[in-house]
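Chains as they are written, first to last, in the numbering used here: chain A, 656 to 796; chain B, 656 to 796.
So the structure is just underneath, and the comments pick up after that.
Number of protein chains: 2
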Amino acid sequence: MKPKKSSYKILVAIDGSQYSPKALDYACKIAKIDNAQLQIINVVEEYFNVGQSILRQLDKTSKEILREYEALAKSLEVMHVSTIQARGNAPEEILKAAMREKVDTIVVGSRGHYRSKMDFILGSTSYKLAHYSKCTVIIVK
Amino acid sequence: MKPKKSSYKILVAIDGSQYSPKALDYACKIAKIDNAQLQIINVVEEYFNVGQSILRQLDKTSKEILREYEALAKSLEVMHVSTIQARGNAPEEILKAAMREKVDTIVVGSRGHYRSKMDFILGSTSYKLAHYSKCTVIIVK
Numbered sequence: 656m657k658p659k660k661s662s663y664k665i666l667v668a669i670d671g672s673q674y675s676p677k678a679l680d681y682a683c684k685i686a687k688i689d690n691a692q693l694q695i696i697n698v699v700e701e702y703f704n705v706g707q708s709i710l711r712q713l714d715k716t717s718k719e720i721l722r723e724y725e726a727l728a729k730s731l732e733v734m735h736v737s738t739i740q741a742r743g744n745a746p747e748e749i750l751k752a753a754m755r756e757k758v759d760t761i762v763v764g765s766r767g768h769y770r771s772k773m774d775f776i777l778g779s780t781s782y783k784l785a786h787y788s789k790c791t792v793i794i795v796k
Numbered sequence: 656m657k658p659k660k661s662s663y664k665i666l667v668a669i670d671g672s673q674y675s676p677k678a679l680d681y682a683c684k685i686a687k688i689d690n691a692q693l694q695i696i697n698v699v700e701e702y703f704n705v706g707q708s709i710l711r712q713l714d715k716t717s718k719e720i721l722r723e724y725e726a727l728a729k730s731l732e733v734m735h736v737s738t739i740q741a742r743g744n745a746p747e748e749i750l751k752a753a754m755r756e757k758v759d760t761i762v763v764g765s766r767g768h769y770r771s772k773m774d775f776i777l778g779s780t781s782y783k784l785a786h787y788s789k790c791t792v793i794i795v796k
């Protein structure tokens, strides 16, 4: 029998990069403190004007990533795990999900670098979450 | 007898504002997971060209804040607590202490607003820590 889940909610953003396993690991560590509900989100980013077939492929890959990370969280003994798939701009979709699901903490991996000067000025995903989130944000490095 | 402390180190930045108790609370929660060493830092900010007598008074207040938060952490059953007092620019001094002490996680409260447009552009303390820190950063809101 699963232990009763608490009302504490953690949302971990996963992008399939090398920083995601560390973010999941941290999120699981926190989730186990109060037997929190862990939600794993992956956003299919629509940066370019790609066609429907490519988007379908990206959706499929995203579902695979989510399944993989859900299994990983369960193997780390987190009892209450669910997944969210979104499409659009990563920080916006993460913030929307956090508001909708009323999460207490967002966990995100840091890329640790900026792809361009514009990224530095406008901010990366973690930077935007740190700024706009209404709840606690953990930037895992 | 104190349980053996782990090598995991958490640095929590306290400024005596209303956001500090929440940051300490979160830091204690994380510290208890692996019986980590909790270090509490307070920075006496040298924004203005203040005289020595005022700086002495600020140092005294800073020491009182640190003593208060150290006692609070101990009352929350964190076994290994120490304090750091610094003088200068808050994010710079927090980052320097984090590097020197080789901490694994920095915890900081978010003010949730910006005092000026310049603050928004250049970034608040939590913003700067999120960007420049080499280790995981928790922005408690």
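Don't be surprised by glycine CBs; every beta carbon is placed ideally from N, CA and C.
Output yes if chain A places a C-beta closer than 9 Å to the C-beta of Asp781 (chain B); else output no.
Numbered from its first residue, the second sequence carries residue 781 (chain B) at position 126. The residue you asked about is not Asp; residue 781 (chain B) is Ser in the sequence shown. Closer than 9 Å to some Cβ of chain A, the Cβ of Ser781 (chain B) qualifies, so yes.
For the stretch 673–696 of chain A, which residues have a CB atom closer than 9 Å to at least one CB atom of chain B, in sequence order?
Per Cβ criterion, the list reads Lys677, Tyr681, Lys684, Ile685, Lys687, Ile688, Asp689.
How would you call Gly798 (chain A), buried or exposed, if buried means at least 16 neighbouring beta carbons within 10 angstroms?
Lying outside 656 to 796, the shown extent of chain A, residue 798 (chain A) is not represented and no answer is given.
Going by CA-CA distance only, name the one from A:Ile688, A:Val758, A:Thr716 that's closest to Leu666 (chain A).
Your numbering for residue 666 (chain A) matches position 11 in the first sequence. Checked all of A:Ile688, A:Val758, A:Thr716; the closest Cα to Leu666 (chain A) is A:Val758.
Would you grab the beta carbon distance between Leu693 (chain B) and His735 (chain B) for me? Rounded to a whole angstrom, and I think it's under 8 Å.
Mapped onto the second sequence, residue 693 (chain B) falls at position 38. Mapped onto the second sequence, residue 735 (chain B) falls at position 80. Right, the Cβ-Cβ distance comes to about 6 Å (below 8 Å), so this counts as a contact.
List the residues of chain A that Val792 (chain B) touches, going by C-beta distances under 7 Å, in chain order.
Taking the second sequence and counting its residues from 1, the one referred to as residue 792 (chain B) is at position 137. Those are Ile794, listed as they occur along chain A.
Of the choices A:Ile688, A:Ser661, A:Asn704, A:Tyr681, whose alpha-carbon is the least far from that of Ile695 (chain A)?
Position 40 of the first sequence, counting from 1, holds the residue named residue 695 (chain A). Closest by alpha carbon: A:Tyr681.
For chain B, find out if any of its Cβ atoms is closer than 9 Å to the Cβ of Ser708 (chain A); answer yes or no.
Translated into the one-based positions of the first sequence, residue 708 (chain A) becomes position 53. Answer no: the Cβ-Cβ gap between Ser708 (chain A) and chain B never drops below 9 Å.
Within a Cβ cutoff of 7 Å, which residues of the same chain sit near Thr791 (chain B), ignoring the five residues on either side of it in sequence?
Sequence index remark: in the second sequence, residue 791 (chain B) carries index 136 (1-based). If we look at Thr791 (chain B) and ignore the five residues flanking it on each side, its Cβ neighbours are Asp759, Thr760.
Quick one: which chain B residues come within Cβ less than 7 Å of Lys789 (chain A)?
In the first sequence, residue 789 (chain A) corresponds to position 134, counting from 1. The answer, in chain order, is Lys796.
To the nearest angstrom, how far is it from the Cα of Lys715 (chain B) to the Cα of Lys783 (chain B)?
Along the second sequence, one-based indexing puts residue 715 (chain B) at 60. Along the second sequence, one-based indexing puts residue 783 (chain B) at 128. Those two C-alpha atoms are separated by around 27 Å.
Pick helix, strand or coil for Gly767 (chain A), following the three-state DSSP scheme.
As a first step, residue 767 (chain A) is located in the first sequence; it is residue number 112 there, counting from the start. Note that Gly767 (chain A) has pLDDT 48, beneath the 50 cutoff, so the model's placement of it is unreliable and no number is given.
Closest Cβ-Cβ distance between Glu756 (chain B) and chain A: below 9 Å?
Within the second sequence, the letter at position 101 stands for residue 756 (chain B). Cβ-Cβ to chain A under 9 Å: no for Glu756 (chain B).
If Lys687 (chain A) and Val795 (chain A) are in contact, beta carbons under 8 Å, what's the gap, nearest whole angstrom?
Within the first sequence, the letter at position 32 stands for residue 687 (chain A). Within the first sequence, the letter at position 140 stands for residue 795 (chain A). So it is not a contact: roughly 16 Å between Cβ atoms.
Which word fits Asn704 (chain A), buried or exposed, when buried means at least 16 other C-beta atoms lie within 10 angstroms of its C-beta?
Position 49 of the first sequence, counting from 1, holds the residue named residue 704 (chain A). It is exposed - the Cβ of Asn704 (chain A) has fewer than 16 other Cβ atoms within 10 Å.
Does Ser662 (chain B) get closer than 9 Å to chain A when you measure Cβ to Cβ?
Taking the second sequence and counting its residues from 1, one reaches residue 662 (chain B) at position 7. It does not: the Cβ of Ser662 (chain B) has no partner Cβ on chain A nearer than 9 Å.
I'd like the span of the beta strand (DSSP E) that includes Ala668 (chain A), first residue to last.
For the purposes of this step, residue 668 (chain A) is identified with residue 13 of the first sequence, where counting begins at 1. Where Ala668 (chain A) is concerned, the enclosing beta strand (DSSP E) stretches over 664–668.
Output the distance between the C-alpha atoms of Glu725 (chain A) and Ser661 (chain B), rounded to the nearest integer angstrom.
For this step, residue 725 (chain A) is matched to residue 70 along the first sequence. For this step, residue 661 (chain B) is matched to residue 6 along the second sequence. One C-alpha to the other measures close to 29 Å.
State the beta-bridge partners of Ala741 (chain A) as determined by DSSP.
One-based indexing of the first sequence puts residue 741 (chain A) at position 86. Bridge partners of Ala741 (chain A): A:Val698.
With a Cβ-Cβ cutoff of 9 Å, do Lys789 (chain A) and Ala753 (chain A) count as a contact?
Reading the first sequence from its first residue, position 134 is the one you call residue 789 (chain A). Reading the first sequence from its first residue, position 98 is the one you call residue 753 (chain A). A contact, by the Cβ cut-off of 9 Å.
Quick check on the burial criterion: 16 or more other C-beta atoms within 10 angstroms. Buried or exposed for Ser781 (chain A)?
Here residue 781 (chain A) refers to the residue found at position 126 of the first sequence. Classification for Ser781 (chain A): buried.
Measuring only the C-alpha atoms, how far is Leu710 (chain B) from Val698 (chain B)?
In the second sequence, counting from the first residue as 1, residue 710 (chain B) sits at position 55. In the second sequence, counting from the first residue as 1, residue 698 (chain B) sits at position 43. So the two alpha carbons sit approximately 12 Å from each other.
Look up Gln673 (chain B) in the DSSP assignment and say whether it is helix, strand or coil.
Start at 1 with the first residue of the second sequence, and residue 673 (chain B) comes out as number 18. In the structure shown, Gln673 (chain B) sits in coil (DSSP, three-state: anything other than H, G, I, E or B).
Taking only beta-carbon atoms, is His639 (chain A) less than 9 Å away from chain B?
Look at the range of chain A in this structure, 656 to 796, and you will see that residue 639 (chain A) is not part of it.
Asn744 (chain A) to Glu748 (chain B), Cα distance in whole Å?
For the purposes of this step, residue 744 (chain A) is taken as the residue at position 89 of the first sequence. For the purposes of this step, residue 748 (chain B) is taken as the residue at position 93 of the second sequence. Rounded to the nearest angstrom, the two C-alpha atoms are 34 Å apart.
Among residues of its own chain, excluding the 5 on either side of Ser675 (chain A), which ones have a beta-carbon nearer than 6 Å to its beta-carbon?
Mapped onto the first sequence, residue 675 (chain A) falls at position 20. Cβ within range, chain order: Ile669, Gly764.
Kindly indicate if chain B contains any beta-carbon less than 9 Å away from that of Ser765 (chain A).
As a position in the first sequence, residue 765 (chain A) is number 110, starting the count at 1. Interface residue, yes.
Give me whichever residues DSSP pairs with Val792 (chain A) in a beta bridge.
As a working mapping, residue 792 (chain A) is identified with position 137 in the first sequence. Looking at the DSSP assignment, Val792 (chain A) forms a beta bridge with A:Ile761, B:Ile794.
For Lys729 (chain A), which residues of its own chain have a beta-carbon under 7 Å away from its beta-carbon, when the five flanking residues on both sides are left out?
For the purposes of this step, residue 729 (chain A) is identified with residue 74 of the first sequence, where counting begins at 1. Excluding residues within five positions, the ones whose Cβ falls inside 7 Å are Val736.
Could you tell me the boundaries of the alpha helix (DSSP H) in which Ala691 (chain B) lies?
Position 36 of the second sequence, counted from the start, is the residue given in the question as residue 691 (chain B). Run containing Ala691 (chain B): none; DSSP gives neither H nor E here.
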